[in-house]
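Student: Numbering (my numbering), first residue to last: 32 to 555.
To start, I am sharing the structure in question, which I have written as structure tokens.
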Amino acid sequence: MVEQFLRLKLTLVANTFRRSPVQLFGMIFSALWGLGAAGVLTAGLFALRLSTPDVARVIIVVCGALIVLGFLVLPLAFGVDDTIDPRRFALFGIPTDKLAVSLAIAAGLSVPTLVVTMLAVAQVVTWSRGPLPFLVAIISAILIVPTCVLAARVSTAVASTFLASRRARDASGITFVAILAIAAPVVALLATVDWQSQGLPIMRRIAAVADWTPFGSAWSAPGDVALGFGLQAALKLLISAAFLVVLWVVWRALVKLMLTRSDREASARKYSSLGWFGRLPATPAGAIAARSLSYWGRDARYRVSLAVIPVVPIVMVAALLVGGVPAEFIVWVPVPVMCLFLGWAVHNDVAHDSSAFWMHVSSNTRGVDDRWGRVVPALFLGIPLVVIGSLVTVLISGDSSTLPGLIGLSACVLLVGLGISSVISAAFPYPAVHPGDTPFAQPQAVGAAGSIIQSLSFLTTIVIAAPVVWLMVLSVLNPGVGWQLVALGAGILIGVVALVGGILWGGHLVSRRGPELLAFTLRN
32 MVEQFLRLKL TLVANTFRRS PVQLFGMIFS ALWGLGAAGV LTAGLFALRL
82 STPDVARVII VVCGALIVLG FLVLPLAFGV DDTIDPRRFA LFGIPTDKLA
132 VSLAIAAGLS VPTLVVTMLA VAQVVTWSRG PLPFLVAIIS AILIVPTCVL
182 AARVSTAVAS TFLASRRARD ASGITFVAIL AIAAPVVALL ATVDWQSQGL
232 PIMRRIAAVA DWTPFGSAWS APGDVALGFG LQAALKLLIS AAFLVVLWVV
282 WRALVKLMLT RSDREASARK YSSLGWFGRL PATPAGAIAA RSLSYWGRDA
332 RYRVSLAVIP VVPIVMVAAL LVGGVPAEFI VWVPVPVMCL FLGWAVHNDV
382 AHDSSAFWMH VSSNTRGVDD RWGRVVPALF LGIPLVVIGS LVTVLISGDS
432 STLPGLIGLS ACVLLVGLGI SSVISAAFPY PAVHPGDTPF AQPQAVGAAG
482 SIIQSLSFLT TIVIAAPVVW LMVLSVLNPG VGWQLVALGA GILIGVVALV
532 GGILWGGHLV SRRGPELLAF TLRN
């Protein structure tokens, strides 16, 4: 049985070389890149044989734990096209145990498994400095390779079974993007570390935690033996073996579930009211506002944009801290930045409508009503953000005198951004992701035009709000309530004028260019 699955896997691997030249090039490049990285790491592990056991143990544990964690997490984040999915063998009557074993062994015929096998063997060479560490390193290698294979199988099965719906895939994608965004400042902070003097102590602290986890215990055991901690090594091998058993039990249960469970059918959601349509006025602007609020709550394209908004200030704050900007100035950054991105979120709203924009044209909806309705969701979220965010900022900084200026600046950025977006979305729409598609799909032929339009809307908002920024600088240089109140009044005045002017101008463009906009949305 295992031999047949191995032949099947080899046949499937051979068939990948019959793809289009572009796909074949990408596959070969990825394989060579992975093997090249494995070669570099293998050479590093060989070199660690000449270092002290303590240093070698720390480096191997940190890198090894990241490798095992990657096998478990990456299939959940990116998804994998599983060529040997258990459900494909549901009609063959193969016993669950035999199928689980055969699929797990066949899954070992892959580049990632080859890479981790090379590293597991290389760490045996690293610890070939004594008979006992050498023996324990062999046992660790025997545990490491199947652990990585089963971890990948389990995460792939979980992704294909429980994360198969579009909503679940979008949620996992948003989570992964948020993790990457949060990891960016961490990488920036690590780049400032003097690794020659501080790198090893930092890695020691990481290894002290990782070596007692299932991800790093097998990598740590040979080093413990080399340092004379035999009991710790035995306990860590037990942890690794127990983790391997747990992975096998979970994998077998998933195989059984996938063989007997039919695909989930989408459940129809029952609504007891009209939602936003029953709460807002029965006017053209009210109907468009209700539709926009519904989109913002249900459409994954809008949810992704909203999920990114609180993450961007985190990255900016970390970058400013690394750059040495004083914390008393950085504390004013998050709320205005979030307001800037929230106002920018509707800059391509017409393109997001796709063919639904025909309702506006066929019903002869006034452009002004269209513009007002589309900014309601951003105002619905933005006004509480300005007030509550400013209050929280003041509480953190401990300086209540800056509250008026911060509210004025944040409100100005939000309202100006909405006004500019109301004009941009009517004058310069560009292709967007289609309704129903994943928000991470590549829009059709965005090219340089989309980037230029996005930059234009951002820069115009910043330029118009610049006087309020200058007033905030003056209030910092001249402490007191006077400049703060001036910033509050100027911010609200400039913001309201920009919002009303942008809606009137954008509404005029929508009324005049309605057929052209409809043709654009249908074409793109």
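Glycine included, every Cβ here is placed at the ideal spot set by N, Cα and C.
Values in this document were obtained by computation on a predicted structure and should not be read as measured data.
Is Ala297 buried or exposed, if buried means 16 or more other CB atoms sit within 10 Å of its CB?
Tutor: Any answer about Ala297 is weak, because its pLDDT of 49 lies below 50 and its placement is not dependable; what the coordinates show is given next. Classification for Ala297: exposed.
Student: On the criterion of 16 or more Cβ atoms from any shown chain inside 10 Å, does Pro344 qualify as buried, or is it exposed?
Tutor: Label assigned to Pro344: buried.
Student: Excluding the 5 residues flanking Phe551 on each side, which residues of the same chain have their C-beta closer than 7 Å to its C-beta?
Tutor: Pro460
Student: So, is Asp380 buried or exposed, given that buried needs 16 or more other C-beta atoms within 10 angstroms?
Tutor: That one is buried.
Student: With a 10 Å radius around its C-beta and 16 neighbouring C-beta atoms as the bar for buried, classify Lys267 as buried or exposed.
Tutor: buried
Student: DSSP state of His29, grouped into three classes?
Tutor: No answer is possible for residue 29: it lies beyond the span of the chain, which begins at 32 and ends at 555.
Student: Per DSSP, what kind of secondary structure is Ile495 in: helix, strand or coil?
Tutor: helix
Student: Counting only the same chain and skipping the five closest in sequence on each side, list residues whose C-beta sits under 8 Å from that of Ile427.
Tutor: Val362
Student: Can you say whether Trp501 is buried or exposed, counting buried as having 16 or more other CB atoms within 10 angstroms of its CB?
Tutor: exposed
Student: Got a sec, what are the start and stop residues for the alpha helix (DSSP H) Val356 sits in?
Tutor: Here Val356 belongs to no alpha helix (DSSP H), and DSSP marks it neither H nor E.
Student: Helix or strand or just coil, what does DSSP make of Leu305?
Tutor: coil
Student: Would you call the CB atoms of Gly374 and Leu445 closer than 8 Å?
Tutor: yes
Student: Please classify Val423: is it buried, with 16 or more other beta-carbons within 10 angstroms of its beta-carbon, or exposed?
Tutor: Exposure of Val423 is indicated by the presence of fewer than 16 other C-beta atoms within 10 angstroms of its C-beta.
Student: Can you have a look at Asp242 and say buried or exposed, based on whether 16 or more other CB atoms are within 10 angstroms of its CB?
Tutor: buried
Student: What's the gap between the Cα of Arg334 and the Cα of Ile419?
Tutor: 21 Å
Student: Can you check whether the CB of Val89 is closer than 8 Å to the CB of Met234?
Tutor: Yes, these two residues count as a Cβ contact at 8 Å.
Student: Taking a contact to mean a Cβ-Cβ separation below 8 Å, would you say Ala188 touches Ala172 in this structure?
Tutor: Result no, Cβ atoms of Ala188 and Ala172 do not sit closer than 8 Å.
Student: Could you spell out the range, first to last residue, of the alpha helix (DSSP H) harbouring Leu290?
Tutor: 261–291
Student: Let me make sure I understand the geometry here. Which of Phe193, Leu41, Val454 has the alpha-carbon closest to that of Thr492?
Tutor: The residue with the shortest Cα to Cα distance from Thr492 is Val454.
Student: Since Val447 and Ile495 should fall inside the 8 Å C-beta cutoff, what is the C-beta to C-beta distance between them, to a whole number of angstroms?
Tutor: For Val447 against Ile495, the beta-carbon gap comes to about 5 Å, under 8 Å, which counts as contact.
Student: Distance check for Ser133 and Gly127, CA to CA, integer angstroms please.
Tutor: According to the sequence shown, residue 127 is Thr rather than Gly. Using only the alpha carbons, I get a separation of about 10 Å.
Student: Does Ile175 pass the burial test, meaning 16 or more other C-beta atoms within 10 Å, or should it be called exposed?
Tutor: buried
Student: Tell me whether Pro253 sits in a helix, a strand or coil according to DSSP, three-state version.
Tutor: Correct three-state label for Pro253: helix.
Student: According to DSSP, is Val193 helix, strand or coil?
Tutor: Note on residue identity: the sequence assigns Phe, not Val, to residue 193. Reduced to three states, the DSSP call for Phe193 is helix.
Student: Within the chosen definition, does the region 428–436 reach the region 403–410 through at least 3 CB pairs nearer than 8 Å?
Tutor: Between the region 428–436 and the region 403–410, the count of C-beta pairs closer than 8 Å stays below three; the two stretches do not touch.
Student: At 4 residues or longer, and completely inside the region 94–129: list those alpha helix (DSSP H) runs for me, N to C.
Tutor: none
Student: Taking the continuous alpha helix (DSSP H) assigned at Ala318, which residues delimit it?
Tutor: 315–329
Student: Can you tell me which of Leu41, Pro341, Gly101, Ala239 puts its alpha carbon nearest to the alpha carbon of Ala138?
Tutor: Leu41
Student: Drop a sphere of 10 angstroms on the beta-carbon of Gln35, count the other beta-carbons inside from all chains shown, and report buried for 16 or more, exposed for fewer.
Tutor: exposed
Student: From what residue to what residue does the alpha helix (DSSP H) around Trp158 run?
Tutor: Taken as a continuous stretch (DSSP letters only), Trp158 belongs to no alpha helix (DSSP H), as it is neither H nor E.
Student: Have a look at Gly537 and Gln485 and give me their C-alpha separation to the nearest angstrom.
Tutor: 17 Å
Student: Just to confirm, is the Cβ distance from Gly261 to Ala87 under 8 Å?
Tutor: At a Cβ-Cβ threshold of 8 Å, Gly261 and Ala87 do not count as neighbours.
Student: Determine whether the beta carbon atoms of Ser336 and Ala376 lie at a separation below 8 Å.
Tutor: yes
Student: Rank Gly95, Ala62, Ile59 by C-alpha distance to the C-alpha of Thr73 and give the top, closest one.
Tutor: Nearest Cα to Thr73 within the set Gly95, Ala62, Ile59: Gly95.
Student: Which residues in the same chain have their Cβ closer than 6 Å to the Cβ of Gly478, if we skip the five residues on either side of it in sequence?
Tutor: In this predicted model, Gly478 has a pLDDT of only 49, less than 50, meaning its place in the structure is not dependable enough to derive any value.
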